[in-house]
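Report on the following structure.
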Amino acid sequence: MRKLGALAAAAAAVIAVWWIAARIMDSALLPAPPQVFARLLILRPLLLRHAAASLARVAAALALATLAALPLGLIMGRSQRVDRLLAPLAYLLYPVPKIALLPIVFVLVGIGDAARIAIVVLVLFFQILVAVRDAARSIPAAYLVSFTSLGGTRMQSLRLVLLPAIVPELLTAMRVGIGTALAVLFFAETFFTNFGLGTFIVESWMRVAYPDMLAGIVSIGLLGLLLFSALDGLEHLLCRWKHSRAGHPPTAAAQRSPSHST
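Residue numbers (the working numbering): 199 to 460.
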């Protein structure tokens, strides 16, 4: 309830500032909230179709980036030899603006959805990789030593010690990446596609339909809110220890004996 109250207060503050700015400017370039929300309701079926296309691309990219970056980040974090080999390459490529690679991606992958998903994967991959690598490196060796001394295997230590310890940093990297991913996807959706919120917003802007354009922008905000809420729910499910008094991830020994795990 507190989160809902804070969210409602933040939304009310944004709408109030928006309304005041619209009254001060008194221009068609910045329609007032009632006008935009009216268009949002009228265009709801079309906006839902565009939002579904954007959501599918972001969700696919997030899944692919996590599947690729999570194991590699764990290996880099726990193996100094692998880290010395791959960390310089990651640090070299991480700062490169991924949107600048969009023409290359279009040439290599084509102009379909695969290209838009690929460019978002590039955005998310490096953020998740660096976060997981740093989180894995920060795990005290005593955790693993204590676990193996109780008879735990390497796979059990991965599942019961390493993964629970890096989940908070993984989810944080996803949250940070989603904002950038939506911005990059917005740009990527302005080329060679008929569906996506980026396409809708740019087309509305070119038609000088500013209420429609702002309705599309509000839709992107709601899409981002949906994704953030999903990650918050996932964190609450996987990181219940964060809300406990202990405030630290449970080790395998604290949860159960390795001999009773499968």
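Even glycine gets a Cβ: it sits at the ideal position worked out from N, Cα and C.
* Within 10 angstroms of its Cβ, does Thr397 collect 16 or more other Cβ (buried), or is it exposed? -> buried
* Does the region 413-421 touch the region 237-246, meaning 3 or more C-beta pairs lie closer than 8 angstroms? -> yes
* **DSSP three-state assignment for Ile309, whether helix, strand or coil** => coil
* Could you tell me whether any Cβ in chain C is nearer than 9 angstroms to the Cβ of Ala207? => As a matter of chain content, chain C is missing from the structure shown, which is built from one protein chain.
* Quick one, which of Arg357, Thr264 and Leu241 has its alpha-carbon nearest Thr370's? -> Thr264
* Asked: When DSSP labels each residue in this structure, what does Ile415 get in the three-state scheme?
  -> helix
* Asked: What number of angstroms, rounded off, separates the C-alpha of Lys201 from the C-alpha of Gly349?
  -> 42 angstroms
* Asked: Can the beta-carbon of Pro409 be found closer than 9 angstroms to that of Gln233?
  -> yes
* **Three-way DSSP call (helix, strand, coil) for Phe390 in this model** => coil
* To do: Only counting runs of 4 or more residues, tell me where the alpha helix (DSSP H) segments fall wholly within the region 255-315, in order along the chain.
  => 278-291 and 300-307
* Asked: Taking only runs of the alpha helix (DSSP H) that begin and end inside the region 315-389, which ones reach a length of at least 4 residues, in chain order?
  -> 339-347, 352-355 and 361-386
* How would you label Leu482, buried or exposed, when you count the other beta carbons within 10 angstroms and need 16 or more for buried? -> This structure gives no information on residue 482, because the portion of the chain shown stretches from 199 to 460.
* **Inter-residue Cα distance where the pair is Phe426 and Ile213** => 20 angstroms
* Asked: Sorted by chain position, which residues of the same chain lie with C-beta nearer than 7 angstroms to Ser459's C-beta, five sequence neighbours on each side aside?
  -> Note on Ser459: pLDDT 43, under 50, position unreliable in the model; no value is reported.
* When you compare only the Cα positions, how much space is there between Ile302 and Thr378? -> 19 angstroms
* Just reading off the alpha helix (DSSP H) that Pro229 is part of, what are its end residues? -> Counting along the chain, Pro229 falls outside any alpha helix (DSSP H), and DSSP gives it neither H nor E.
* Sequence-distant residues of its chain with Cβ nearer than 6 angstroms to Glu387 (five each side left out) -> Gly394, Gly396 and Thr397
* Would you call the CB atoms of Val253 and Leu423 closer than 9 angstroms? -> The residue asked about is misnamed: residue 253 is Leu in this sequence, not Val. No.
* Asked: With a CB to CB cut of under 7 angstroms and the five nearest residues on each side skipped, what residues in its chain are close to Val280?
  -> Ile273 and Met274
* Asked: According to DSSP, is Ala407 helix, strand or coil?
  -> coil
* Whole-Å CB distance - Val382 paired with Lys296, under 8 angstroms assumed -> 6 angstroms
* Taking the CB atoms as reference points, tell me whether Ile309 and Phe389 lie closer together than 9 angstroms. => yes
* Asked: Thinking C-beta only, is Gly375 closer than 9 angstroms to Leu300?
  -> no
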